[in-house]
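In case it helps, the working numbering puts the sequence shown at residues 2 to 196. Some notes on the structure that comes next.
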Amino acid sequence: MRQRSASVVVAVLLLVGLFWVSAGCGGGGGGGPTAPPPPTQPPTGVTFTADAPASANSVYLAAGSGGSPGRFVLDVEVQNVTDLYGVGFVLEYPAALLKFEKNGTTEGTFLSDNGAFDTDLVAKARTAGEVTVGISRLGLVPGADGSGTLLSLEFTTRANGSDALVFAENDALDSLGEVQEDVTWIGGSATVRVN
């Protein structure tokens with residue numbers, strides 16, 4: 002019995018010793034405090050935050066794909082709309098942070114139904130900080146139902162900061178040319194980091 006107790010005591014001492022060696026001897030060197038790592042810089046680019054989640058019967062802004070360093074793509078999308086023939090609006094954006102690139106404007110596939118319907122898209126800089134946009138089906142055809150991307154707008158980044166992107170003077174029209182008063186328009190904000 003005495004040998005067994007001695008064996009247990011030796012085993013416990015070995016385990017305690019191994020624990021002490023692995024926990025207490027963290028490698029050689031100085032013994033002084035280590036300096037904290039340098040702070041990491043946030044990545045350059047644009048972070049878009051919507052004012053609210055997309056809801057039924059809404060036109061809303063969303064971060065698009067295909068942006069690159071120094072460029073930001075903003076999609077104009079619709080959620081669960083009915084008989085949407087076209088939209089017109091002014092997008093107000095922070096001109097000190099972003100510059101509108103007319104040649105970067107592209108049509109989405111929602112109104113054209115992937116090419117099944119003729120459409121027309123116009124996007125023009127109105128003043129610094131404002132873009133006038135119109136997109137519509139053409140001819141005597143029904144409006145579109147469902148959800149999808151109406152168009153994408155491209156901007157170049159100018160300076161660090163954060164500010165709002167807002168719809169103004171906005172209308173959504175049905176196939177009879179009547180304004181759809183119950184459509185909700187949802188903007189957002191952009192945080193830009195150029196360096």
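Glycine is no exception: its CB is placed at the ideal position from the N, C-alpha and C atoms.
query: So tyrosine 86 packs on serine 153, CB below 8 Å; how close in whole Å?
result: Taking the first residue of the sequence shown as 1, we reach residue 86 at position 85. Taking the first residue of the sequence shown as 1, we reach residue 153 at position 152. Actually they do not touch by this definition, with Cβ atoms about 20 Å apart.
- request: Please state whether DSSP places phenylalanine 111 in a helix, a strand or coil.
  value: In the sequence shown, counting from the first residue as 1, residue 111 sits at position 110. Here phenylalanine 111 sits in coil by DSSP.
- request: Return the residue from the list Glu179, Glu170, Gly188 and Gly189 that minimises the CA-CA distance to phenylalanine 90.
  value: As a working note, residue 90 is residue 89 in the sequence shown. Ranking the options by Cα distance to phenylalanine 90, first place goes to Glu170.
task: On a CA-only basis, which of Ala51, Asn58, Gly67 and Asp52 is nearest threonine 157? Give me that one, please.
output: Sequence index remark: in the sequence shown, residue 157 carries index 156 (1-based). The candidate whose alpha carbon is nearest that of threonine 157 is Gly67.
query: Using the beta-carbon count (16 or more within 10 Å), is alanine 36 buried or exposed?
result: Counting from 1 along the sequence shown, the entry for residue 36 is found at position 35. Alanine 36 is exposed by the Cβ-count criterion.
- prompt: In this structure, does DSSP put glycine 140 in helix, strand or coil?
  reply: Here residue 140 corresponds to residue number 139 of the sequence shown, with the count starting at 1. Three-state result, glycine 140: coil.
task: Taking leucine 177 as the reference, give the member of Glu155, Ala191, Pro143 and Ala96 with the closest Cα.
output: Against the sequence shown, residue 177 aligns to sequence position 176. Closest option to leucine 177, Cα to Cα, is Pro143.
field: Residue(s) in a DSSP beta bridge with alanine 165
entry: Counting from 1 along the sequence shown, the entry for residue 165 is found at position 164. The partner list for alanine 165 (beta bridge, DSSP) reads Ser190.
query: By Cβ distance, which residues of its chain are closer than 8 Å to alanine 173, with the 5 residues on each side in sequence left out?
result: As a first step, residue 173 must be located in the sequence shown, where it is residue number 172. If we look at alanine 173 and ignore the five residues flanking it on each side, its Cβ neighbours are Val60, Val82, Leu85, Gly87, Val88, Val180, Gln181 and Val184.
field: Contact under 7 Å by Cβ, leucine 98 with glycine 162
entry: Mapped onto the sequence shown, residue 98 falls at position 97. Mapped onto the sequence shown, residue 162 falls at position 161. Yes, the pair counts as a contact, with Cβ atoms nearer than the cut-off.
query: From valine 1 to threonine 150, what does the alpha carbon distance come to, in whole angstroms?
result: With the chain running from 2 to 196 in the structure shown, residue 1 is simply not present.
- request: Locate the beta strand (DSSP E) running through serine 61, then write down its first and last residues.
  value: Mapped onto the sequence shown, residue 61 falls at position 60. Per the sequence shown, the amino acid found at residue 61 is tyrosine instead of serine. Counting along the chain, the beta strand (DSSP E) containing tyrosine 61 begins and ends at 59-64.
field: Neighbourhood of valine 13 by C-beta distance below 8 Å, restricted to the same chain and skipping five residues each side
entry: Walking along the sequence shown from the start, residue 13 turns up at place 12. Model confidence at valine 13 stands at a pLDDT of 37, short of 50, so the residue's coordinates are unreliable; what they give is reported in the following sentence. Around valine 13: no qualifying Cβ.
task: Using 6 Å as the cut-off, classify the Cβ of valine 180 as near or not near the heavy atoms of the ligand SAM, replying yes or no.
output: Annotation note on the ligand SAM: not contained in the displayed structure, which lists no ligands.
- request: For the beta strand (DSSP E) containing leucine 151, list its first residue and its last residue.
  value: Along the sequence shown, read from residue 1 onward, the residue named residue 151 stands at position 150. Start and end: 145-158.
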